[in-house]
Amino acid sequence: MTEDAARYAYLAEGNAKQARKRVAVDLLIRDERGRVLVVNPTYKDYWDLPGGMAEHNEPPRQAGERELAEELGLAVTAGRLLLVDWAAPHGPWRDQLIFIFDAGTLALAEKRAMSIRDSEIGGFAFVPVVEAQAMLSPDMAERLGRAYLALVNGTTDYSER
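Residue numbers for the sequence shown follow the working numbering, so the first one is 78 and each next one is one higher.
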């Protein structure tokens, strides 16, 4: 075995043993009145921010953009990173990384063109941040508050919970 082949085999073995993280991506999208876009997943008890899980070898920004296009037919660019959380294992789930990106403010024409395109979404709405937090699960409501504060302050928030 050559030195390069041996090194490659060593690195491949290490890579195979390393942890794999689930990656969730949400987008913070507002309308012209500053209200936040929330979606009503058919498989959850609470409303949520638009987004979803990254696929194999998919960058987080791209995952958020893809999920939004699949679910609501919106083409947006995920901008500045507002929040990253590490969530500890819970229930049947392993630990995960959660990203929230700023996806800007939609123009009225973009809002009017939105429609549900995926059976996983039962509805969507633009609501004030405080109202959105009341619709979300407690952990997601807390994340939205931190992400919105990061948006306003020009910062990025990180937490391990």
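Here a beta-carbon is modelled for each residue, glycine too, at the ideal position from N, C-alpha and C.
Everything numeric in this text was worked out from a predicted model, so none of it was measured.
Here Val116 carries a strand assignment [DSSP, helix/strand/coil]. Ranking Asp125, Asn230, Leu151, Pro137 by CA distance to the CA of Ala186 puts Leu151 first. A residue is called buried once 16 or more other Cβ atoms fall within 10 Å of its Cβ, and Trp163, having fewer, is exposed.
Nearest to Pro136 by alpha-carbon distance, out of Leu158, Asp108, Pro118, Asn117, is Leu158.
Non-local C-beta neighbours of Ala180 in its own chain, meaning closer than 6 Å and more than five positions away in sequence, comprise Leu104, Ile106, Val153, Ala155, ordered along the chain. At least 8 Å separates the beta-carbon of Asn117 from that of Gly231. Ranked by Cα distance from Asp122, the options Leu213, Arg99, Leu221 are led by Leu213. The Cβ atoms of Leu145 and Pro166 lie no closer than 8 Å to each other. Non-local C-beta neighbours of Val113 in its own chain, meaning closer than 8 Å and more than five positions away in sequence, comprise Leu105, Ile106, Arg107, Leu126, Phe203, Val204, Pro205, Val206, Ala209, Leu221, Tyr225, ordered along the chain. The stretch 139–186 contains, as complete beta strand (DSSP E) runs of 3+ residues, the segments 158–164, 173–182 (chain order).
In the three-state scheme derived from DSSP, where H, G and I count as helix and E and B as strand, Arg194 is classed as coil. Taking a 10 Å sphere around the C-beta of Val229, we find fewer than 16 other C-beta atoms and assign the residue as exposed.
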